[in-house]
Each structure stands twice: as C-alpha cells, then as structure tokens.
Ligand SMILES: Nc1ncnc2c1ncn2[C@@H]1O[C@H](COP(=O)(O)OP(=O)(O)O)[C@@H](O)[C@H]1O
Ligand SMILES: [Mg+2]
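Chains as they are written, first to last, in the numbering used here: chain A, 1 to 291; chain B, 1001 to 1236.
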C-alpha cells in the first residue's frame, strides 16, 4: 500500500517537475512567469488525444506531434507576444506577463472551439497492463511516464551543464548583457528557450493524459497554477528546485488523498506557497538556472 | 583602428554623450579619464554595442560598425570587460573562461585555456569554484582572462581597478601592459588617472558627456590644469 502510493506520487510528481521546468526555464531567461504555459501543456494533451484516438496512430507519433505543435506555439508566443514588448521605451515591466495571460485565454477558448468542452479519454494500448510484485500492483503506464520524465530531466541537466547552447542559456539567464558581450545571440537563445519549454509542456500534457486517462480544456489553468506553486517552492529559475519541488508536490498530493481528506488535494500546492513565502521567500533553492 | 566620430547616446530621453569623438590606433593603449557620471561607461557601452548611438558613426578597421549588437562586434574583434566585472556568478571559473571563447570554432581554444590558467594560477587553483565565490581582484582577473579568451583585436576595459587594493591594482595595470605588448589594442576607462596614463600612449578627458581635452599621455601628465582638475585627487 505504502509503496504503491509512493509510486503513484512519484509518477505524478515527475510530471509536475516537467511542467515546472518549462516555467523555470522561461523565468530564467526572461524574468517573467509564462501564464500561457499551462494552456500550451493542455494543447499537447489534446494533440495526443487526437493522434492516438482519432487517427489511431501509435503513442510515439503522439509525442512527436505534440512536441512539434507545442514547439511551434512556443515560437509564435515568443515572436509575437513577448519579443515586441522587450526593450521598448515606456512599456511596463508587467506587459509581458499580461501578454501571456492574454495568450492563455485565447488558447483556452480556442481549445473549446477545436476540441469541445467535454472530457476526452486518453487511451493507450497498454493502459490495463500491470505487474504484480508481491502485494503491489504497478501499471506499465506509470513506468512509462516515470521513465520518460526522468530521461527528460537527465537530458535537460546534461544539456544545460555540458553543451555550448546549454551554457549560453545559463549565461543568458544569469545576465543578458554579459551573455551578449560574450558573443551569445541572446535573441536566439531566448527564442530557443521558449520553444524548448513549450515542447516540454507538450510532452507533459501527453503524460498527464496517460496518467489520468482524461483531457479537458480546463486542465491548463490548474496545471499552470501548480507549476507556478512548484517554482515558488523550488526557487524561481532553479532547475533543481523545479524537479524536487515537482516530486514533493506529487508525493504530498498523493499521500493526502490516502491518509487525509481528498478534498484538500488541490489546496496543498497553494498552502505550500504560502508557507514557503513566509519562511523562505527565495524558495528551497533560490538561484538562477544552474546544474 | 577604432574611430568614433560625433556620437550622441543616452538612456531613453536622457542624453548623456554629446558629440563625442575619439580615435584609437592599432597597438596602442588609450585612456578615457573623467569624473563620476561624465559618461565614460556610456562611451564604452556605445563602442561595444550595448547602447546604440542616436547619431554619429563608429568605425572599426575601416568598416562602419555603428548600431551592431555586442555579439556581432565581438566577432569583429571588440571585447568589453564591463564596469563591475560581471562575472557569471553561478558558473564555474572554468565555465566563465570557456564562455569567453563561445564564438570561436578553431582548434586552439584548449591551448588558450591552458595558457590562461598558467598565466593566472589563482584561477587554476579555483577552476571548479563558482565565479561568485571569488574575491574582487580575482573576479577582475577572471573577467580580463575571459575577454582575452575571445582573442580580441581591441580590448575595452571599464574601470578595471575599481574597488581593488593598491597591490592588486598594480597587478592589474601590469597585466594590461602585458596584454598590449602581446599585440592587443586597449581602450581603458580609469579614475586611477596617474597610473593609467603611465601605461598609456594617449588620453582623453570626458566632462558631462563632452570631450574636453585630449593628448599624448605624457603631455596630459604634465599639464598642470588637467592634473589639478581631474587627476589631482587620487595620486599614487
Ligand atoms: N541605465 C541608465 N539609465 C539612465 N541613466 C543612466 C544609466 N546609466 C548611466 N546613466 C546616467 O548617465 C550619466 C553618465 O553615466 P556613466 O556613463 O555611467 O558615467 P561614468 O562611467 O563616467 O561614471 C550619469 O548621469 C548617469 O546617471
Ligand atoms: Mg562608469
């Protein structure tokens, strides 16, 4: 029982971590909360539903499709909703934040139009496959989610820590002017960051669809707020904080449902924000993107 | 090598530089002097591309480079060590140095890196440490070493001696002299006027956004009026 819940919690937490990483990367280089991230995540989930259910294509095609579409959405977001507001005289520093809120409302309405308001099941061919180890039941889909999330986190960590482009991103996150003096085309780096973050959101969307077998246009908002809670918990712009914060929230939510009152499940994230802001406002790892 | 002619630059509506011109010849060290707020950093930001001049022209090696971005100017051979050093505090000393060579694709990056660590043993000792943990003097060495890693033709240094102990300051000036002797042209901004002019070929004096004097370093050093107005307070 305990181990099963632990697995449930880690599965959920690893998805949260991927969502939060998208927030943290964009916050790192742009210093803004991307309020449209949750909706891009939701679009990823819907693309997954369309490809697997409507087109009956295999899961990997769904991932590929979601990555491509959400990456394009990230491109459009940066190019047309964020870049025009940057370094403009007389533009409030809140403008990009408001702009992402506008995009999030647009995307939510668009999803109602495109996909309808209802609940869409997310079927995978292996949804019912499970393993019995002693008294513990583990579903294959949980393992798939967990493995994909962990691999994604490892790849991101390696990329940020060891590659030229990853180091350029970290330098840009730390200081835009310094990065440009060192030869980094910061415009390109910012664009690339928003694209990568959005594609990670798309992947997380499919993972959530798989985990809960359900996709709705509203899921973007609640996931967006939780992602926000996680990066406040982990420290704005901290990669490690996003990963650990995601896992902590996933575990906490799972265990409160089991040992407490399931009605408080969604409140945990926000309770955590309040407590963290009171006792450790810089978050658990208050630092910019580092490895 | 560098020719700044009649540039105007500022921040939004605030005009700082008014018709500033200066010239740096290849192989020399040129110093810009001036009181706090005179516009020295603004001049350096304009030459390195951080600020776009609203009027005037900057040419480098005979090419018009007005309005280019810092990363484009770095590729042309202009590197700036900004005021306050701007070390990447969350990256290691080694990563900071590697970032200096970010735009390079040649095969000599590693050997340059080793040379740099040899020249600055303190950086080698701390290569795995985060940049933010270094002392002010060490950060300045790292900032200069990082800029050299880009193999600049023209190195811009904005107040490299600021906030450093006298012994470290002497060290920094020695390093600047060495860099110049190895073939890099240097444009220096300093408040340590006497020490700066001693290693310089030429000097300019900036006052509230205007060039008010210029001349050979030795001339400026012996000009009583200038010495009193700009150089008198901080002797060494
Ligand atoms: N980012 C900025 N925004 C607005 N004004 C600035 C900014 N930076 C500098 N200034 C102003 O420009 C003038 C020149 O500054 P600066 O070039 O930094 O002087 P210096 O380097 O000679 O001390 C000063 O009056 C300063 O207040
Ligand atoms: Mg200055």
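Just so you know, even glycine gets a beta-carbon here, dropped at the ideal spot from N, CA and C.
So the candidates are 205(A), 261(A), 256(A); which of them puts its Cα closest to the Cα of residue 59(A)?
If you number the first chain from 1, residue 59(A) lands on position 59. Selected option, being the one with the closest Cα: 205(A).
Residue 1041(B) CB to nearest heavy atom of ligand 2 below 6 Å
Position 41 of the second chain, counted from the first residue, corresponds to residue 1041(B). Answer for residue 1041(B): yes, Cβ within range of ligand 2.
Close beta carbons around residue 1039(B), own chain, < 6 Å, minus the five adjacent residues each side
Translated into positions along the second chain, residue 1039(B) becomes position 39. Taken in chain order, the residues that qualify are 1016, 1017, 1206, 1209.
Whose Cβ in chain A lies nearer than 8 Å to the Cβ of residue 1080(B)?
Here residue 1080(B) is taken as the residue at index 80 of the second chain, counted from 1. 181, listed in chain order.
With residue 80(A) as the anchor, note down where its beta strand (DSSP E) starts and where it stops.
In the first chain, counting from the first residue as 1, residue 80(A) sits at position 80. The continuous stretches of beta strand (DSSP E) do not include residue 80(A), and DSSP gives it neither H nor E.
So what's residue 222(A) in DSSP terms, helix, strand or just coil?
The residue you call residue 222(A) lines up with position 222 of the first chain. The answer is helix: DSSP assigns residue 222(A) an H, G or I state.
Using a C-beta cutoff of 7 Å, does residue 78(A) count as contacting chain B?
In the first chain, residue 78(A) corresponds to position 78, counting from 1. No, its Cβ sits nowhere closer than 7 Å to a Cβ of chain B.
Using a Cβ-Cβ cutoff of 8 Å, what residues of the segment 1096-1111 of chain B are near chain A? List them in chain order.
From the segment 1096-1111 of chain B, only 1098, 1099, 1100, 1102, 1103 have a Cβ closer than 8 Å to chain A.
Taking all protein chains shown into account, do 16 or more other C-beta atoms lie within 10 angstroms of the C-beta of residue 90(A), making it buried, or fewer, making it exposed?
If you number the first chain from 1, residue 90(A) lands on position 90. By the beta-carbon neighbour count (other beta carbons within 10 angstroms, threshold 16), residue 90(A) is exposed.
Pick out whichever of 1133(B), 1069(B), 1094(B) has its Cα sitting closest to the Cα of residue 1118(B).
Translated into positions along the second chain, residue 1118(B) becomes position 118. Ranked by Cα distance from residue 1118(B), the options 1133(B), 1069(B), 1094(B) are led by 1094(B).
Identify whether residue 1170(B) lies in helix, strand or coil by the three-state DSSP scheme.
Looking up residue 1170(B) in the second chain gives position 170. Here residue 1170(B) sits in helix by DSSP.
Span of the alpha helix (DSSP H), counted from its first residue to its last, around residue 187(A)
In the first chain, counting from the first residue as 1, residue 187(A) sits at position 187. Here the alpha helix (DSSP H) through residue 187(A) covers 186-212.
Does DSSP put residue 124(A) in a helix, in a strand, or in coil?
As a working mapping, residue 124(A) is identified with position 124 in the first chain. Three-state DSSP puts residue 124(A) in coil, outside helix and strand.
Any C-beta of chain B within less than 7 Å: which residues of the segment 23-50 of chain A qualify?
Residues passing the 7 Å Cβ filter: none.
Could you check what DSSP says for residue 1164(B) in three-state terms: helix, strand or coil?
Locating residue 1164(B) in the second chain gives position 164, where the first residue counts as 1. Looking at residue 1164(B) - three-state DSSP - the assignment turns out to be coil, as it is neither helix nor strand.
For chain A, find out if any of its Cβ atoms is closer than 7 Å to the Cβ of residue 1232(B); answer yes or no.
Locating residue 1232(B) in the second chain gives position 232, where the first residue counts as 1. Note that residue 1232(B) scores a pLDDT of 49, beneath 50, so its modelled location is shaky; the value from the coordinates is reported in the next line. No, residue 1232(B) lies away from the interface with chain A (no Cβ there is under 7 Å from its Cβ).
Would residue 1128(B) be called buried (16 or more neighbouring beta carbons within 10 Å of its own) or exposed?
Taking the first residue of the second chain as 1, we reach residue 1128(B) at position 128. That one is exposed.
Can you give me the start and stop residues for the beta strand (DSSP E) that residue 1203(B) sits inside?
Numbered from its first residue, the second chain carries residue 1203(B) at position 203. Here the beta strand (DSSP E) through residue 1203(B) covers 1202-1207.
Would you check whether ligand 1 has a heavy atom nearer than 6 Å to the C-beta of residue 1038(B)?
Counted from its first residue, the second chain places residue 1038(B) at position 38. It does: the Cβ of residue 1038(B) is within 6 Å (strictly closer) of some heavy atom of ligand 1.
C-beta contact flag for residue 1148(B) and residue 1138(B) at 7 Å:
Translated into the one-based positions of the second chain, residue 1148(B) becomes position 148. Translated into the one-based positions of the second chain, residue 1138(B) becomes position 138. Going by C-beta atoms, residue 1148(B) is not nearer than 7 Å to residue 1138(B).
Going by the C-beta, is residue 1207(B) closer than 6 Å to any heavy atom of ligand 4?
Ligand 4 is not part of this structure, which contains only ligand 1 and ligand 2.
Near-chain B residues of the segment 140-171 of chain A - C-beta to any C-beta below 8 Å
Taking 8 Å as the Cβ-Cβ cut-off, the segment 140-171 of chain A approaches chain B at 164, 167, 168, 170, 171, given in chain order.
Proximal chain A residues relative to residue 1071(B), where beta-carbon distance stays under 7 Å
As a position in the second chain, residue 1071(B) is number 71, starting the count at 1. 180, 183, 184, 185, listed in chain order.
Spatial neighbours of residue 191(A) within its chain, please: CB distance less than 6 Å, with the 5 preceding and 5 following residues excluded, ordered by chain position.
In the first chain, counting from the first residue as 1, residue 191(A) sits at position 191. Hits under 6 Å: 78.
Secondary structure at residue 285(A), three-state DSSP: helix, strand or coil?
Along the first chain, one-based indexing puts residue 285(A) at 285. Residue 285(A) carries a coil assignment under DSSP once its states are collapsed to helix, strand and coil.
Beta strand (DSSP E) segment containing residue 1216(B), residue limits:
Walking along the second chain from the start, residue 1216(B) turns up at place 216. That run of the beta strand (DSSP E) goes 1210-1216.
Would you verify that the beta carbon of residue 1084(B) is, or is not, closer than 7 Å to some beta carbon of chain A?
Mapped onto the second chain, residue 1084(B) falls at position 84. Cβ-Cβ to chain A under 7 Å: no for residue 1084(B).
State the Cα-Cα distance for the pair residue 185(A) and residue 1048(B), rounded to the nearest angstrom.
As a working mapping, residue 185(A) is identified with position 185 in the first chain. As a working mapping, residue 1048(B) is identified with position 48 in the second chain. Cα to Cα, the separation comes out at about 14 Å.
What span of residues does the beta strand (DSSP E) with residue 1080(B) cover, start to end?
For the purposes of this step, residue 1080(B) is taken as the residue at position 80 of the second chain. That run of the beta strand (DSSP E) goes 1078-1081.
With residue 242(A) and residue 21(A) assumed to form a contact (beta carbons below 8 Å), what rounded beta-carbon distance in angstroms separates them?
In the first chain, residue 242(A) corresponds to position 242, counting from 1. In the first chain, residue 21(A) corresponds to position 21, counting from 1. About 5 Å separates the two Cβ atoms, so the contact holds.
Span of the beta strand (DSSP E) around residue 52(A):
As a working note, residue 52(A) is residue 52 in the first chain. It is not in any beta strand (DSSP E) - residue 52(A) carries neither H nor E in the DSSP assignment.
What is the DSSP secondary structure of residue 4(A), reduced to helix, strand or coil?
Here residue 4(A) is taken as the residue at index 4 of the first chain, counted from 1. Here residue 4(A) sits in helix by DSSP.
Starting from residue 1143(B) and walking both ways along the alpha helix (DSSP H), at which residues does that stretch end?
One-based indexing of the second chain puts residue 1143(B) at position 143. Counting along the chain, the unbroken alpha helix (DSSP H) around residue 1143(B) starts and ends at 1136-1148.
Check the Cβ-Cβ distances between residue 1015(B) and every residue of chain A, and say whether any is below 7 Å.
Translated into positions along the second chain, residue 1015(B) becomes position 15. Judged by the 7 Å Cβ criterion, residue 1015(B) is not in contact with chain A.
Exposure label - residue 1235(B); buried when at least 16 CB within 10 Å:
As a first step, residue 1235(B) must be located in the second chain, where it is residue number 235. Any reading at residue 1235(B) must be qualified, since the residue scores a pLDDT of 42, below 50, and its modelled position is unreliable; the value itself is stated next. Exposed, since its Cβ has fewer than 16 Cβ neighbours within 10 Å.
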